[in-house]
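Asker: If you're matching positions, the sequence shown starts at 4 in the working numbering and goes up one per residue.
In this text, a Cβ means the ideal position worked out from N, Cα and C, and glycines have one as well.
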Amino acid sequence: MIHRLRRAAADVFSRPALYWTIALLFGLNRVIFTVLAPRRYDAEGMWEGAHAYLTNPSHMYDAAADYLARVHIIAPPGGLDAFVSPPPVALLAVPVALLPRSIGVQVWTAIDAGALVVALVLLYRVLASRDRVARPIFWLVAAYFPPLFADVSAGQRGGVLLVLAMASVWFERSRPAIAGAVGGLAAAIKYYPAAMILGPRPAHRIRYA
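1. Could you have a look at residue 109 and say whether DSSP puts it in helix, strand or coil?
2. Is the separation between the beta-carbon of residue 84 and that of residue 67 shorter than 8 Å?
3. Quick check: the Cα distance between residue 54 and residue 178, rounded to an integer number of angstroms?
4. Output yes or no for whether 8 Å exceeds the beta carbon distance between residue 157 and residue 151.
5. Give every residue of the same chain whose Cβ lies closer than 8 Å to the Cβ of residue 191, excluding the five residues on either side of it in the sequence, and list them in chain order.
6. Keeping to the same chain, check which residues put their C-beta closer than 7 Å to that of residue 143; ignore five residues upstream and five downstream.
7. Expressed to the nearest angstrom, what Euclidean distance is found between the alpha-carbon atoms of residue 63 and residue 154?
8. Are the region 38-52 and the region 166-174 touching by the rule of at least three beta carbon pairs closer than 8 Å?
9. Apart from the five residues just before and just after residue 117, which ones in its own chain have a Cβ nearer than 8 Å to its Cβ?
10. Report all residues from its chain with a CB closer than 7 Å to the CB of residue 107; omit the five preceding and five following residues, and keep chain order.
11. From the DSSP output, in three-state form, read off residue 158 for me.
12. Consult DSSP for residue 64 and reduce its assignment to one of helix, strand or coil.
13. Could you tell me whether the Cβ atoms of residue 56 and residue 113 are closer together than 8 Å?
14. Could you give the residue range of the alpha helix (DSSP H) that holds residue 82?
15. Do you know offhand how far residue 130's Cα is from residue 137's?
16. Helix, strand or coil for residue 54, going by three-state DSSP, please let me know.
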């Protein structure tokens, strides 16, 4: 009896359909809760920073500096006084800053979510697993991974960073110079992707850099 139960369990857990179904359920959960999020504080802050970049670039950090001087901590996200990101971040959000704030925030969230999906597809292609169970497990883990959901829900820029990082990985083998340029763009937005320069094979590191 126990032996038959073990065989039945092994059969169920070796079926890709099980993992595809769970991944789909997690994905739907993330989409629904992202759409229903009442506010996207990080996207609002990016819109404010980009709007200041367009209208008053020489004073775009005055509000943040004043808040830091008074309270000695960074302001809660959502306003210009919390915008302490480098100028490339403001430049990145300039297209949505041309829209009304409420619309621009939602458009930016959609852009970041789309970039995240493209990045995951690139990572999936780079890994190129032929295992019939490993493929759905990849998407299950991606759909479950809380930081991905939190990033998109808050309207951050992690999807854009990840797609640039994965594009760098994708081009490293065949176009190291392009890979380095894309990796440099990611590092200009947020510094940690600079560690990717350690990843290229030795023969490509000069062109990558």
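Answerer: Considering the structure as presented:
1. Translated into positions along the sequence shown, residue 109 becomes position 106. If DSSP states are grouped into helix, strand and coil, residue 109 belongs with the helices.
2. Here residue 84 is taken as the residue at index 81 of the sequence shown, counted from 1. Here residue 67 is taken as the residue at index 64 of the sequence shown, counted from 1. Yes. Within cutoff.
3. As a first step, residue 54 must be located in the sequence shown, where it is residue number 51. As a first step, residue 178 must be located in the sequence shown, where it is residue number 175. Using only the alpha carbons, I get a separation of about 35 Å.
4. Working through the sequence shown from its first residue, we reach residue 157 at position 154. Working through the sequence shown from its first residue, we reach residue 151 at position 148. Cβ atoms of residue 157 and residue 151: not closer than 8 Å.
5. The count along the sequence shown starts at 1 and reaches residue 191 at position 188. If we look at residue 191 and ignore the five residues flanking it on each side, its Cβ neighbours are 89 and 91.
6. For this step, residue 143 is matched to residue 140 along the sequence shown. 22, 25, 26 and 29, listed in sequence order.
7. If you number the sequence shown from 1, residue 63 lands on position 60. If you number the sequence shown from 1, residue 154 lands on position 151. Counting only the Cα atoms, residue 154 lies some 24 Å from residue 63.
8. no
9. For this step, residue 117 is matched to residue 114 along the sequence shown. The answer, listed in chain order, is 162.
10. For the purposes of this step, residue 107 is identified with residue 104 of the sequence shown, where counting begins at 1. The answer, listed in chain order, is 50, 99 and 100.
11. Taking the sequence shown and counting its residues from 1, the one referred to as residue 158 is at position 155. Residue 158: coil per DSSP, three-state reduction.
12. If you number the sequence shown from 1, residue 64 lands on position 61. If DSSP states are grouped into helix, strand and coil, residue 64 belongs with coil.
13. Within the sequence shown, the letter at position 53 stands for residue 56. Within the sequence shown, the letter at position 110 stands for residue 113. It is not a contact, given that the beta carbons lie outside the stated cut-off.
14. On the sequence shown, position 79 is the one that residue 82 refers to. No alpha helix (DSSP H) contains residue 82, which DSSP labels as neither H nor E.
15. In the sequence shown, counting from the first residue as 1, residue 130 sits at position 127. In the sequence shown, counting from the first residue as 1, residue 137 sits at position 134. Cα to Cα, residue 130 sits roughly 10 Å from residue 137.
16. Position 51 of the sequence shown, counted from the first residue, corresponds to residue 54. Helix, per DSSP.
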